[in-house]
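**Q** Quick one: this structure, given as structure tokens, is what I'll be asking you about.
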Amino acid sequence: MTKPRITVAYGDGIGPEIMTAVLKIMEAAGAEFEKDVIEIGEKAYLAGHTSGIAPKDWETIAKNKVLFKAPITTPQGGGYKSLNVSIRKTLGLFANVRPVKALHPYIPTHHPTIDTVIVRENEEDLYAGIEHRQTPEVYQCLKLITEPGSEKIIRYAFEFAKSAGRKKVTCMIKDNIMKLTDGVFHKIFDEVAKEYPEIEADHYIIDIGMARFANNPEIFDVVVLPNLYGDILSDVAAEIMGSVGLAGSSNIGSECAMFEAIHGSAPDIAGQNVANPSGLIKGALLMLGHIGQPKVAEKIENAWLKTIEDGIHTSDIYSPEKSKKKVGTDEFTKAVIERLGQKPESFKEVTYPEESKPIQIKVEKKPLPKKTLDGIDVFICEENRNPDDLGNKLRELSEGSPLELVIITNRGVKVFPDGNPLTFCTDHWRCRFQPRQGSTITAKDLIDLQGKITDGSLEVIKTENLYRFDGELGYSLGQGQ
Ligand code: NAD
7 MTKPRITVAY
17 GDGIGPEIMT
27 AVLKIMEAAG
37 AEFEKDVIEI
47 GEKAYLAGHT
57 SGIAPKDWET
67 IAKNKVLFKA
77 PITTPQGGGY
87 KSLNVSIRKT
97 LGLFANVRPV
107 KALHPYIPTH
117 HPTIDTVIVR
127 ENEEDLYAGI
137 EHRQTPEVYQ
147 CLKLITEPGS
157 EKIIRYAFEF
167 AKSAGRKKVT
177 CMIKDNIMKL
187 TDGVFHKIFD
197 EVAKEYPEIE
207 ADHYIIDIGM
217 ARFANNPEIF
227 DVVVLPNLYG
237 DILSDVAAEI
247 MGSVGLAGSS
257 NIGSECAMFE
267 AIHGSAPDIA
277 GQNVANPSGL
287 IKGALLMLGH
297 IGQPKVAEKI
307 ENAWLKTIED
317 GIHTSDIYSP
327 EKSKKKVGTD
337 EFTKAVIERL
347 GQKPESFKEV
357 TYPEESKPIQ
367 IKVEKKPLPK
377 KTLDGIDVFI
387 CEENRNPDDL
397 GNKLRELSEG
407 SPLELVIITN
417 RGVKVFPDGN
427 PLTFCTDHWR
437 CRFQPRQGST
447 ITAKDLIDLQ
457 GKITDGSLEV
467 IKTENLYRFD
477 GELGYSLGQG
487 Q
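For the sequence shown, our numbering assigns the number 7 to the initial residue and increments by one for each residue that follows.
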């Protein structure tokens, strides 16, 4: 068998210490791999690469397809882009997988039996970073949720659950409010769940789901979420497990994958031989499963659990009551290596499957729905806060157009016609025009309408076409419409 080649980045701060430690443990456990080392992070930033990585190193990552990365320091100040975000987006790493498992009683937690995997969508949602200040008062961030992106992450969560012998997948969304974006995520979840009858599927609205998780995480097995909710829940999960410093994660794409600890480069303790390598060990366990060496991961995880239960602890997890010995990075590493082949006694021994393959997700292209034009939302910046003035003016200006004004909303709430004088209004008005009775409309009619509005000295700041897809509404109704 040819050994897999992985790309290794030693990172910044405590990165080199903990990466050296983890590579030693992997080699001692019999992991088979060749490595190419790249220098990313501080040195690359300072050499003028604003994304923290030199162009030639992208080639190495793309060739090897697996990146094992220690934390890096993002320099303070403007102009530097987050390397993690660049890697995720450039390599299409759509799934962020973060297992969280309690180490009670050695690491204090209120939830001694928590054992959950958070599967977070990694590329879409508000993280597309498309933001605009549209009026003096109003700022906007676009939330983009796609059908293929949702299907990919949801299928990944079910395939992960199946391969890890997990019993339940929970989806968390806010589709009582965001009926289209979170609604499509939920709808695809329900469809995909039907293909996995052996796995229980349930869902929560994110607010109650997150609250339930914080209070009773034991009831969750695998949780799949859109990007922002997943970002928040994965940190909540790591925190209630007892220590953010003990969690690892994988970032998985169709071609490439990246494995890491979730903590940062801890410059305050760098070079002192006190850093805990456990988070990066967790990243290595996920990587070993990915490169088809699950039994090596099993050996390391059992030895690591035995080390923790033997009370050999680095200073970040040391407590006089539970620990027997406070050790540095090197001594902790040695202790894990000495225990390779041993099983934990108080923790449950872990068993990995004999074989593992990277999870491959295929999303079939669907037939395109029939798309019909149903009107336009014209967004107007107007300082006069009287909605009736604006409504009457727009009705006048649109005379002769096949489109008529149906509603004006301000921050989503209907203010014309028949608004409530108590509604607070900003300078940002969404004015919805739809075909008059018996009229059909074309894209040209939308442009002509905007011309009439602009000629009437109103400021159009943005428009959004309204469509139906196979007859179904492709836009939300205004509150009160
Ligand atoms: P941090 O996670 O580096 O440190 C927070 C605290 O936890 C510090 O007190 C630190 O000493 C401690 N700590 C962290 N890891 C530890 C370990 N393995 N063992 C013992 N103690 C540990 O967070 P920060 O201080 O906010 O960030 C420092 C730098 O790391 C910043 O430049 C930030 O941008 C970067 N960062 C990188 C990543 C990454 O590369 N994935 C993630 C987060 C932060």
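Where a beta carbon is used, it is the ideal one built from N, C-alpha and C, also for glycine.
(1) Any heavy atom of the ligand COA inside 7 Å of the beta-carbon of residue 269?
(2) For residue 458, which option in 403, 269, 239 has the closest C-alpha, if you only look at C-alpha atoms?
(3) Taking the alpha carbon of residue 99 as the reference point, which residue from 76, 106, 130, 112 has its own alpha carbon closest?
(4) Can you look up residue 221 in the DSSP assignment and give me helix, strand or coil?
(5) How many angstroms separate the CA atom of residue 198 from the CA atom of residue 371?
(6) Looking at residue 78 and the ligand NAD, is the gap between the Cβ and the nearest heavy atom below 7 Å?
(7) Given a cut-off of 8 Å, decide if residue 243 and residue 219 are closer than it, judged by their beta-carbon atoms.
(8) Which of the three DSSP states is assigned to residue 45 in this structure?
(9) Beta carbon of residue 237: closer than 7 Å to some heavy atom of the ligand NAD?
(10) Just mark residue 21 as buried or exposed, buried being the case when its beta carbon has 16 or more other beta carbons within 10 Å.
(11) The ligand NAD and residue 281: does any heavy atom of the ligand fall closer than 7 Å to the residue's C-beta?
(12) Is residue 147 buried or exposed, if buried means 16 or more other CB atoms sit within 10 Å of its CB?
(13) Can you list the alpha helix (DSSP H) stretches of 4 or more residues lying completely in the region 188–259, in chain order?
(14) When every heavy atom of the ligand NAD is checked, does at least one fall within less than 7 Å of the C-beta of residue 266?
(15) By the 10 Å Cβ neighbour count, where 16 or more other Cβ atoms means buried, how is residue 416 classified, buried or exposed?
(16) To the nearest angstrom, how far is the alpha carbon of residue 168 from that of residue 327?
(17) Please tell me whether residue 48 and residue 78 are closer than 8 Å, where the distance is taken between their beta carbons.
(18) Comparing C-alpha positions only, which one of 389, 456, 74 sits nearest to residue 401?
(19) By the DSSP assignment, the alpha helix (DSSP H) with residue 292 in it spans what residues?
(20) Rounded to whole angstroms, what is the Cα-Cα separation between residue 364 and residue 293?
(21) Are the CB atoms of residue 140 and residue 420 nearer to each other than 8 Å?
(22) Between the Cα of residue 33 and the Cα atoms of 340, 52, 179, which residue gives the shortest distance?
(23) Would you say residue 19 and residue 249 are within 8 Å of each other, going by their C-beta atoms?
(24) Which complete beta strand (DSSP E) runs does the region 425–476 hold, if anything under 3 residues is left out?
(25) Just verifying my parser: in three-state terms, what is the DSSP assignment at residue 38?
(26) Considering Cα atoms alone, identify which of 159, 450, 65 is closest to residue 379.
**A** Taking the geometry as given:
(1) Summarising the ligand content, the structure contains the ligand NAD and does not contain the ligand COA.
(2) 403
(3) 130
(4) When secondary structure is reduced to three states using DSSP, residue 221 falls in the helix class.
(5) 15 Å
(6) Yes - the ligand NAD has a heavy atom lying nearer than 7 Å to the Cβ of residue 78.
(7) The Cβ-Cβ distance between residue 219 and residue 243 falls below 8 Å.
(8) coil
(9) No - the ligand NAD has no heavy atom lying nearer than 7 Å to the Cβ of residue 237.
(10) buried
(11) yes
(12) exposed
(13) Qualifying alpha helix (DSSP H) stretches, in chain order: 212–221, 233–247.
(14) Taking the Cβ of residue 266 as the reference point, at least one heavy atom of the ligand NAD falls within a distance shorter than 7 Å.
(15) buried
(16) 39 Å
(17) Against a cut-off of 8 Å, the Cβ pair of residue 78 and residue 48 comes out as a contact.
(18) With respect to the C-alpha of residue 401, the residue from 389, 456, 74 having the closest C-alpha is 456.
(19) 284–296
(20) 10 Å
(21) no
(22) 340
(23) no
(24) 434–441, 465–475
(25) coil
(26) 450
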